[in-house]
Amino acid sequence: MIVKVEIWSDVVCPWCAVGKRRFEKALSRFDHRDEVEVSFHSFELDPEAPHEQEGDLHDHLASKYGMSRAEAEARHQQMTEMAAADGWDFHFERARRGNTFDAHRLLHLAAERGVQEAVKERLFRGYFTEGEHIADHATLVRLGAEAGLDAEEAAAVLASDRYADAVRADEQQARAYGISAVPFFVVDRKYGVPGAQPPETLLQVLDKAWAEAHPLQVLTPAGDADGCADGSCSV
11 MIVKVEIWSD VVCPWCAVGK RRFEKALSRF DHRDEVEVSF HSFELDPEAP
61 HEQEGDLHDH LASKYGMSRA EAEARHQQMT EMAAADGWDF HFERARRGNT
111 FDAHRLLHLA AERGVQEAVK ERLFRGYFTE GEHIADHATL VRLGAEAGLD
161 AEEAAAVLAS DRYADAVRAD EQQARAYGIS AVPFFVVDRK YGVPGAQPPE
211 TLLQVLDKAW AEAHPLQVLT PAGDADGCAD GSCSV
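In our numbering, the protein residues as written are 11 to 245.
Quick look at the structure:
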């Protein structure tokens, strides 16, 4: 029996990128990693965001939390340094803010084609490192193709409304679970883990889920069985 891990996240969420990398570290240390099924689910941090927003992330953070631009830049620098420890190269000054609904639709296509993790990774890198406009269809097609999608199919999907219902279903499920912040990990639809937890914590959850899915069956043969107990043996 496999362990199913569902991850709710957004492609413009820095903690989601960090959480992805930390989960990968936990999974690499999990004895049964080949029997874990991972899927990413849609969560828009700002569903009402326009196609492309004016102002950079420093100004956005300063305005949202009532701080100076210098304080916002310092916060982003701290995040950059923390993410670097998990293998990311963030450049918040390059990021182009915009709506992520179509990026999530692309990720649903990627899931059906077996390349969702690669596309998710490519979108994170495109947004946080390269300053790509991940609300732009042409950009999404190019990034998706670099991660294994067929460019023509990706373009056709984005030109339609395919997977819009799937994105909304993910977000409805998130509300049902009470998810209000991401990343959020759901393991076997039984355990919810909020935030970019350390790999050790995520590994403990995987171990627990595996143990519960594979309980030990003790077989008792007929007759008495010799053994030792209570710290001693009666030979």
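Heads up, the beta-carbon is just placed ideally off N, CA and C, and yes, glycines get one too. None of these values were measured; they are calculated from a predicted model.
Return helix, strand or coil for residue i, following the three-state DSSP convention.
i, result
"Val167", "helix"
"Phe50", "strand"
"Tyr173", "coil"
"Phe102", "helix"
"Ala184", "helix"
"His249", "This structure gives no information on residue 249, because the portion of the chain shown stretches from 11 to 245."
"Arg39", "coil"
"Leu55", "coil"
"Asp123", "Sequence check: residue 123 is Arg here, not Asp. Arg123: coil per DSSP, three-state reduction."
"Met11", "coil"
"Leu159", "coil"
"Asp96", "coil"
Where does the unbroken beta strand (DSSP E) through residue i begin, and where does it stop?
i, result
"Val197", "194 to 197"
"Val21", "Run containing Val21: none; DSSP gives neither H nor E here."
"Pro204", "201 to 204"
Locate the alpha helix (DSSP H) running through residue i, then write down its first and last residues.
i, result
"Lys130", "126 to 138"
"Ala141", "Looking at the sequence shown, residue 141 is not Ala but Gly. Taken as a continuous stretch (DSSP letters only), Gly141 belongs to no alpha helix (DSSP H), as it is neither H nor E."
"Trp220", "209 to 223"
"Asp71", "Before going further, note that residue 71 is Leu rather than Asp in the sequence given. Unbroken alpha helix (DSSP H) run through Leu71: 67 to 75."
So, is residue i buried or exposed, given that buried needs 16 or more other C-beta atoms within 10 angstroms?
i, result
"Asp180", "buried"
"Ala105", "buried"
"Tyr137", "buried"
"Pro208", "exposed"
"Ser52", "buried"
"Gln126", "buried"
"Ser19", "buried"
"Ile17", "buried"
"Lys200", "exposed"
"Leu54", "The displayed chain sequence assigns Glu, not Leu, to residue 54. That one is buried."
"His224", "exposed"
"Asp66", "buried"
"Pro60", "exposed"
"Arg115", "buried"
"Lys74", "exposed"
"Gly154", "buried"
"Gly255", "The displayed coordinates of the chain run from 11 to 245. Any statement about residue 255 would go beyond what the structure contains."
"Ala219", "buried"
Could you pull the DSSP bridge partners for residue i from this structure?
i, result
"Gly108", "Glu62"
"Glu256", "Residue 256 cannot be examined here, being either before or after the span of the chain that is shown, 11 to 245."
"Glu83", "Paired residues: none, contrary to the question."
"Glu16", "Ser49, Val196"
My understanding is that residue i touches residue j, with C-beta atoms under 8 Å, so please give their C-beta distance in whole angstroms.
i, j, result
"Ala113", "Ala27", "That pair is no contact at about 13 Å."
"Gly158", "Ala128", "5 Å"
"Ala166", "Ser49", "No, Ala166 and Ser49 are not in contact; Cβ-Cβ is about 23 Å, not under 8 Å."
"Leu212", "Arg32", "6 Å"
"His143", "Gly108", "6 Å"
"Arg123", "Glu156", "Arg123 to Glu156, Cβ: 14 Å. No contact."
"Glu62", "Ala145", "6 Å"
"Ala176", "Pro193", "In fact, because the Cβ distance is near 19 Å, the residues do not count as touching under 8 Å."
"Leu117", "Lys130", "6 Å"
"Val196", "Tyr187", "7 Å"
"Phe102", "Thr139", "In fact, because the Cβ distance is near 10 Å, the residues do not count as touching under 8 Å."
May I ask you to check if the CB of residue i is nearer than 6 Å to at least one heavy atom of the ligand GDP?
i, result
"Ala206", "The ligand GDP is not part of the structure shown, which contains no ligands of any sort."
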